[in-house]
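A.B. asks: Residue numbering for the first sequence follows this note's numbering, beginning at 3 and increasing consecutively.
Even glycine gets a Cβ: it sits at the ideal position worked out from N, Cα and C.
One structure coming up, written as structure tokens, with questions to follow.
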Amino acid sequence: MPELPEVEVTRQSFAAQLLGARVLDVRLGKPLRWPLGCAPESLQGQTVGEACRRGKYLWLPLDRGGLLMHLGMSGSLRYERMPQPPGPHDHFDLWTTHGLLRLHDPRRFGAVVWSQSLETDPARKLLAALGAEPLEPGFDGAVLHAGLRGRRLAIKQALLAGDVVVGVGNIYASEALFTAGIDPRTPAARLSRPRCERLAQAIRETLRRALAAGGSTLRDFRNAQGHGGAYQDQARVYGRQGLPCLNCGTPIRRIVQGQRSTYFCPQCQTRG
DNA sequence: AAGTGGACCTGCTAGC
DNA sequence: TGCTAGCAGGTCCACT
């Protein structure tokens, strides 16, 4: 579910409220992707710092270490001052003096992992291979071009791999490639420098727009305040198989790459 | 070393 | 109505 815009929207919707709160208790539900890695009681009494984001990960600093969180495919975080009892898919509760932060994650591909710091394992290892932050100033066509050098896999899959640029998931990869006019099957290293410029620009624009729309709510995404996003209504190719391209009217195609759906316009998107 | 397929898990929908 | 197959926003790991 959550790509960079959804994770960032989530962060923004609870970070300020939780800042300075003291941890009262932790409740664990069913196992997530990885074990918490510390005794839940050891978090009691610690003060919560300001949540930050790296790729699709959130980092919640505490006095001693912090919590690295990932929403997986179906996860969402909720911040509640007057909490409901946990449901069957609520697998992590952080009770604090400012309210409850709760991870709801039916498929349990998400994770909450304690780490001493971002520079020590397990956080260090999980973040080690991550690529550039697309909304930071350092990201441009040159970075993309250099990162794609020697990569023979399709550009769509290279974007999803996350080691060149982070935060672009299955929805926004298709959307950005459409905006840039690039065929998703193009071998990554074959993208010219100018096309990399266009793609970098398209990625930034797509993510910024999605962020401004509050993310995409396909099934069940909610931010920490319980509000859904609206970007799904602005999608130009994702999920539009068989419908006319909004540019040229050609039916949008759906193909499978690396066991994931890709949507594109066979007319507007070319291999260069 | 880059690329591939399988694994993790649950819920929903379309089609018979 | 009920079953089944297929699909879903991610990414790690073992293997070639």
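State the CB to CB distance for the pair Tyr240 and Glu177, rounded to an integer number of angstroms; the pair is presumed to be in contact (CB under 8 Å).
C.D. replies: Counted from its first residue, the first sequence places residue 240 at position 238. Counted from its first residue, the first sequence places residue 177 at position 175. Tyr240 to Glu177, Cβ: 6 Å. Contact.
A.B. asks: Report the partner residues of Gln271 according to the DSSP bridge assignment.
C.D. replies: Position 269 of the first sequence, counted from the first residue, corresponds to residue 271. According to DSSP, which records beta bridges pairwise, Gln271 is partnered with nothing at all.
A.B. asks: Mind checking who Cys54 pairs with in its DSSP beta bridge?
C.D. replies: Against the first sequence, residue 54 aligns to sequence position 52. Paired residues: Trp61.
A.B. asks: Look at Val114 and Leu69 and say whether their C-beta atoms are less than 8 Å apart.
C.D. replies: Counting from one through the first sequence, the residue named residue 114 turns up at place 112. Counting from one through the first sequence, the residue named residue 69 turns up at place 67. Taking 8 Å as the Cβ cut-off, Val114 and Leu69 qualify as a contacting pair.
A.B. asks: Going by CA-CA distance only, name the one from Asp107, Gln269 and Gln259 that's closest to Pro246.
C.D. replies: Position 244 of the first sequence, counting from 1, holds the residue named residue 246. Nearest of Asp107, Gln269 and Gln259 to Pro246, Cα basis: Gln269.
A.B. asks: Measuring CA to CA, which of Thr49, Arg35, Leu137 and Thr181 is closest to Val25?
C.D. replies: By 1-based counting over the first sequence, the position of residue 25 is 23. Among Thr49, Arg35, Leu137 and Thr181, the Cα nearest to that of Val25 belongs to Thr49.
A.B. asks: Can you tell me whether DSSP reads Val114 as helix, strand or coil?
C.D. replies: Reading the first sequence from its first residue, position 112 is the one you call residue 114. Here Val114 sits in strand by DSSP.
A.B. asks: For Lys32, count neighbouring C-beta atoms within 10 Å of its own C-beta (all shown protein chains included) and say buried if the count is 16 or more, exposed if not.
C.D. replies: By 1-based counting over the first sequence, the position of residue 32 is 30. Counting Cβ neighbours within 10 Å, Lys32 comes out exposed, since fewer than 16 surround it.
A.B. asks: Buried or exposed for Gln271, please, with buried defined as at least 16 other CB atoms from any protein chain shown within 10 angstroms of its CB.
C.D. replies: Numbered from 1 along the first sequence, position 269 holds the residue referred to as residue 271. Burial call: buried.
A.B. asks: Are Arg195 and Gly143 close, meaning C-beta to C-beta below 8 Å?
C.D. replies: Here residue 195 corresponds to residue number 193 of the first sequence, with the count starting at 1. Here residue 143 corresponds to residue number 141 of the first sequence, with the count starting at 1. Cβ distance < 8 Å, so Arg195 and Gly143 count as in contact.
A.B. asks: Where does Gln46 fall in DSSP's three states?
C.D. replies: Position 44 of the first sequence, counting from 1, holds the residue named residue 46. Coil.
A.B. asks: Jot down the residue ranges of each uninterrupted beta strand (DSSP E) in the region 212-262, minimum 3 residues, whole runs only, in chain order.
C.D. replies: Fully enclosed beta strand (DSSP E) runs of 3 or longer: 255-259.
A.B. asks: Can Asp165 and Gly140 be called in contact, C-beta distance under 8 Å?
C.D. replies: Your numbering for residue 165 matches position 163 in the first sequence. Your numbering for residue 140 matches position 138 in the first sequence. No, the Cβ-Cβ distance between Asp165 and Gly140 is not below 8 Å.
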